[in-house]
Amino acid sequence: MNALLSVAGLRKSYGPVEVLKGIDFTVAPGEKIALIGPSGSGKSTCLRCMNFLEKPSAGEICLDGERIGVRNGQVMRDRQLAPQRAEMGMVFQLFNLWPHLSVTENVAIAARKVRGLSAGEARELALEMLAKVHMTHRADASPLELSGGQQQRVAIARALAQKPKLMLFDEPTSALDPELVHEVLKVMEELAAEGRTMLIVTHEIAFARDIADRVLFLDGGKIVEAGPARQVITAPREARTQAFLNKIRH
Amino acid sequence: MSGFSLFLSVVNGLAAGLEVTVLVTLASLAFATGVGFLLALVRQFTAIRVVNLAIDAYCEILCNVPALTHLFILYFGLASIGVRLTSIAAAILGLGLIGAAITSSIFRAGFASLPKGQAEASLAAGLTPLQTIFEILTPQAMRIALPALGNYAVQLLKDTSVVSAIAAPEIMFFARSMVTSSFQTTMIYATAAALYLLLSLPLMQVTRFLERRYGRLKG
Chain H
1 MNALLSVAGL RKSYGPVEVL KGIDFTVAPG EKIALIGPSG SGKSTCLRCM
51 NFLEKPSAGE ICLDGERIGV RNGQVMRDRQ LAPQRAEMGM VFQLFNLWPH
101 LSVTENVAIA ARKVRGLSAG EARELALEML AKVHMTHRAD ASPLELSGGQ
151 QQRVAIARAL AQKPKLMLFD EPTSALDPEL VHEVLKVMEE LAAEGRTMLI
201 VTHEIAFARD IADRVLFLDG GKIVEAGPAR QVITAPREAR TQAFLNKIRH
Chain D
1 MSGFSLFLSV VNGLAAGLEV TVLVTLASLA FATGVGFLLA LVRQFTAIRV
51 VNLAIDAYCE ILCNVPALTH LFILYFGLAS IGVRLTSIAA AILGLGLIGA
101 AITSSIFRAG FASLPKGQAE ASLAAGLTPL QTIFEILTPQ AMRIALPALG
151 NYAVQLLKDT SVVSAIAAPE IMFFARSMVT SSFQTTMIYA TAAALYLLLS
201 LPLMQVTRFL ERRYGRLKG
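Residue numbers (my numbering), protein chains in the order written: chain H, 1 to 250; chain D, 1 to 219.
See the structure below:
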């Protein structure tokens with residue numbers, strides 16, 4: 001099967017510090033990939049390079065055959081990047097809902113501004129997406145009135161409203177109170193069951209094992225181990241993967 | 001002349017300046033917020049070094065030289081090289097230019113206080129940088145800027161009293177001229193103070209109302 005997303009030779013440096021040292025992987029349509037690894041391993045940076053929130057120093061990212069972020073050998077500007085970014089829905093660790101807009105407007109605004117839907121159409125779409133994350137009952141609330149788990153579910157609806165080819169999750173449960181993690185993971189599980197293509201940076205190892213098709217273990221800016229989720233997590237081959245998994249289990 | 005009718009004639013005399021005080025306040029407020037917002041946008045969201053340095057210099061100079069000095073430069077200084085402004089035009093322009101420096105810092109602080117994730121989420125959703133600035137960042141920055149802008153507006157109203165020094169016929173201009181002819185110093189200046197209060201208190205109330213209405217972004 002052709003890859004939906006392909007990443008080749010991805011490097012990223014901040015000044016003299018190289019945080020990504022050549023990352024290669026592909027994601028097939030409908031595939032769920034979990035990126036795990038110790039903090040500072042580069043997994044969030046790697047994810048943020050997919051939609052060029054971080055501009056890679058080198059390498060090639062292609063989504064559905066289209067080179068992301070580079071045109072005629074030039075790194076594209078934010079204005080040019082907008083349509084490519086719209087193809088990828090992104091969910092952030094800190095939700096990043098827009099507090100001056102209602103829940104529904106948060107989900108609807110990109111549909112209006114980017115895809116040119118009418119206010120009515122966008123609202124309808126937003127309500128449909130909010131239903132997917134079980135948040136219809138707070139459609140008219142302000143994001144500020146919501147719990148962390150609810151905010152993150154709205155953020156997921158906002159990303160879904162882009163009708164993205166690929167969903168990017170950047171530690172979506174790391175900022176949540178422990179008792180709220182479950183409701184977000186449940187929504188993600190439902191999305192996975194719909195056959196969506198998902199790239200997930202996470203510390204929820206059990207979730208990665210059960211939901212992901214494959215796991216990439218990053219350490220020191222490189223993929224140290226990659227393979228089927230259950231195998232990498234329950235029977236890792238590499239010493240570093242074993243050490244990491246041991247550490248977070250205890 | 002009885003005490004009361006004297007008081008009435010003072011009020012009458014000062015009220016002649018009311019219109020100019022209000023005009024200069026509103027016009028320079030509009031000029032200051034408009035230009036200040038543009039300066040803040042350019043300074044915050046472009047990376048043209050020369051332009052940004054120029055904006056910084058502008059803000060430093062206008063914030064750190066007394067208003068009276070600016071007004072004298074605009075009114076007398078320009079006149080000496082052949083550019084003649086009316087005293088009211090010089091007052092509006094002078095206070096407006098100073099105000100632009102002040103409000104641009106206020107707006108910039110508003111933009112700067114927004115978490116980086118706000119813009120990132122917008123760009124990630126496919127909004128362009130301009131859409132991000134105007135749909136996502138500006139409404140939030142405005143709300144944050146509101147209390148400081150309100151304080152500035154009240155400060156500005158009070159500062160209009162300095163334009164009497166370039167003969168703009170506002171409240172203090174009439175107060176001073178009445179004092180020189182009637183010598184009712186205390187009563188005239190106290191009435192002027194009351195008149196300023198009458199203007200600034202409602203202005204403060206409007207600001208508070210706007211803050212209550214729009215200003216709440218934190219739960």
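For every residue, glycine included, the Cβ atom is placed at its ideal position computed from N, Cα and C.
DSSP places S164 of chain D outside any beta strand (DSSP E), giving it a letter other than H or E.
Residue-level contact by beta carbon fails for V187 of chain H and chain D, as no gap is shorter than 8 Å.
In the structure shown, the three-state DSSP call for Q184 of chain D is coil. Counting along the chain, no beta strand (DSSP E) covers V114 of chain H, and no H or E run does either. For L85 of chain D, the closest Cβ of chain H is not nearer than 8 Å.
Contact check for A141 of chain D against F183 of chain D fails: the beta carbons are separated by 8 Å or more.
The CB of I211 of chain H never comes closer than 9 Å to any CB in chain D; the least such distance is about 22 Å.
Cβ-Cβ separation between Q118 of chain D and N96 of chain H: approximately 6 Å, consistent with a contact (criterion under 8 Å). In this structure, the CA atom of F31 of chain D is about 32 Å from the CA atom of S102 of chain H. By the rule that beta-carbons nearer than 8 Å mark a contact, F217 of chain H does not touch chain D.
Contact annotation: in the stretch 113-134 of chain D, residues whose CB is within less than 7 Å of a CB in chain H are G117, Q118, E120, A121, L123, A124, A125, G126, L127, T128, P129 and Q131.
Non-local beta-carbon contacts of T21 of chain D in its own chain, meaning distances under 6 Å to residues more than five positions away in sequence, involve T160, E170 and I171 in chain order. Under the DSSP assignment, A90 of chain D falls in the alpha helix (DSSP H) whose first and last residues are S87 to A112. For M90 of chain H, the C-beta contacts it makes with chain D under 7 Å involve A124, in order along the chain. Pairing K158 of chain D with Y196 of chain D gives a Cβ-Cβ distance under 8 Å.
DSSP places M198 of chain H inside the beta strand (DSSP E), whose first and last residues are M198 to V201. The CB of R143 of chain D comes closer than 8 Å to the CB of H100 in chain H, given here in chain order. In this model, R108 of chain D and G99 of chain D are separated by some 14 Å (Cα to Cα). For I33 of chain H, the enclosing beta strand (DSSP E) has its first and last residue at K32 to I36. The Cβ neighbour count for K12 of chain H, taken over all protein chains shown within 10 Å, is at least 16; the residue is labelled buried. Between the stretch 101-117 of chain H and the stretch 152-162 of chain H there are three or more C-beta pairs closer than 8 Å, enough to call the two in contact. For F76 of chain D, the closest of D:I166, D:F134 and D:T103 by C-alpha to C-alpha distance is D:I166. Around Q140 of chain D, the beta-carbon contacts reaching into chain H at under 9 Å are W98, P99 and H100. Counting C-beta atoms within 10 angstroms of its own C-beta, R85 of chain H has 16 or more neighbours from the protein chains shown and is therefore classed as buried. With respect to the C-alpha of L38 of chain D, the residue from D:Q155, D:F134 and D:V154 having the closest C-alpha is D:F134.
Along the length of the stretch 175-237 of chain H, whole beta strand (DSSP E) runs at least 3 residues long occupy 198-201, 214-219 and 222-228, reported in chain order. With respect to H100 of chain H, P129 of chain D sits apart: the two C-beta atoms are not nearer than 8 Å. Shown here for Q80 of chain H: same chain residues with a beta carbon closer than 8 Å to its own, the five before and five after excluded, namely R71 in chain order. If you draw a straight line from the Cα of S147 of chain H to the Cα of A212 of chain H, it comes to about 27 Å. Per DSSP, M90 of chain H is one residue of the beta strand (DSSP E) stretching across M88 to V91. Contact annotation: L5 of chain H and L20 of chain H have beta-carbon atoms that are not nearer than 8 Å.
For the options D:V162, D:F209, D:R212 and D:F4, the alpha carbon positioned closest to that of H70 of chain D is the one of D:V162. The criterion of a C-beta distance shorter than 8 Å is satisfied by G149 of chain H and E183 of chain H. At a Cβ-Cβ threshold of 8 Å, R153 of chain H and M135 of chain H count as neighbours.
For I48 of chain D, no CB of chain H lies under 8 Å from its own CB, so it is not counted at the interface with that chain. Around the beta carbon of Y214 of chain D, fewer than 16 other beta carbons sit within 10 angstroms, so the residue counts as exposed.
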